[in-house]
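Chemist: Here it is: the structure, laid out below.
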Amino acid sequence: MNEIIEQLQEANQATAFPLELPTFEQLVEVEEQILIPLPKSLKTYLLEASDVIFGHLEPVTAADTYAHTYLPEVTSYAWSVGMPREYIAVCQQGEDFYCIDQSGQILLWKDGRLASKSWETLWHWIDEVWLKN
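Following the numbering used here, the numbering of the sequence shown begins with 793 at its first residue and continues without gaps.
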């Protein structure tokens, strides 16, 4: 996990409007908005590395309620197009969503159903999909 966070921070691209990391209180607000707890790995990512901008994938964020990557908005939209409510969106890619379950496994919601591809943890997904893309 720490190695992946370091890789993300090294890959971070400087922008005119950098992202901010959320506070723990902001994560509590996110959980209250979506009415389910965030898995531990997602909380860690949001608190320590969600300010990273890298490549074309844009994982969810929790600090700026107006961002197009704001976790409650992305997740609500995913639910509205059929993703089951037990999943939380991690990253939207077009009309598809990478999502996380309560055990921390990452799944792909594609074409209105779960695809067969999955990743054991958020950290595996970051390493195999986001950093390699």
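Heads up, the beta-carbon is just placed ideally off N, CA and C, and yes, glycines get one too.
Starting from isoleucine 797, trace the alpha helix (DSSP H) both ways and give me its first and last residue.
Modeler: The residue you call residue 797 lines up with position 5 of the sequence shown. 794–803 is the extent of the alpha helix (DSSP H) around isoleucine 797.
Chemist: Just reading off the beta strand (DSSP E) that glutamine 788 is part of, what are its end residues?
Modeler: Given a span of 793 to 925 for the chain in the structure shown, any question on residue 788 remains unanswerable.
Chemist: Just how far apart, CA to CA, sit arginine 877 and serine 908?
Modeler: On the sequence shown, residue 877 is found 85 positions in, with the first residue counted as 1. On the sequence shown, residue 908 is found 116 positions in, with the first residue counted as 1. Approximately 19 Å, taken between the alpha carbons.
Chemist: Note down, in chain order, each residue of its chain lying with its Cβ closer than 6 Å to the Cβ of tryptophan 922, except the 5 sequence neighbours on either side.
Modeler: Here residue 922 refers to the residue found at position 130 of the sequence shown. The answer, listed in chain order, is Leu849.
Chemist: Run the CB neighbour count on proline 810, radius 10 Å, all protein chains shown included, and call it buried at 16 or more, exposed below.
Modeler: As a working mapping, residue 810 is identified with position 18 in the sequence shown. It counts as exposed.
Chemist: Opposite tryptophan 911 in the DSSP bridges: which residues?
Modeler: To locate residue 911, count along the sequence shown from 1; it is residue 119. The partner list for tryptophan 911 (beta bridge, DSSP) reads Ile898.
Chemist: Decide if the region 872–888 is in contact with the region 896–904; the criterion is three or more beta carbon pairs, one per stretch, under 8 Å apart.
Modeler: With a cut-off of 8 Å, the region 896–904 and the region 872–888 count as touching, because enough Cβ pairs lie within range.
Chemist: Do isoleucine 826 and proline 864 come within 8 Å of each other at the CB atom, strictly closer than that value?
Modeler: Your numbering for residue 864 matches position 72 in the sequence shown. Your numbering for residue 826 matches position 34 in the sequence shown. Yes. Within cutoff.
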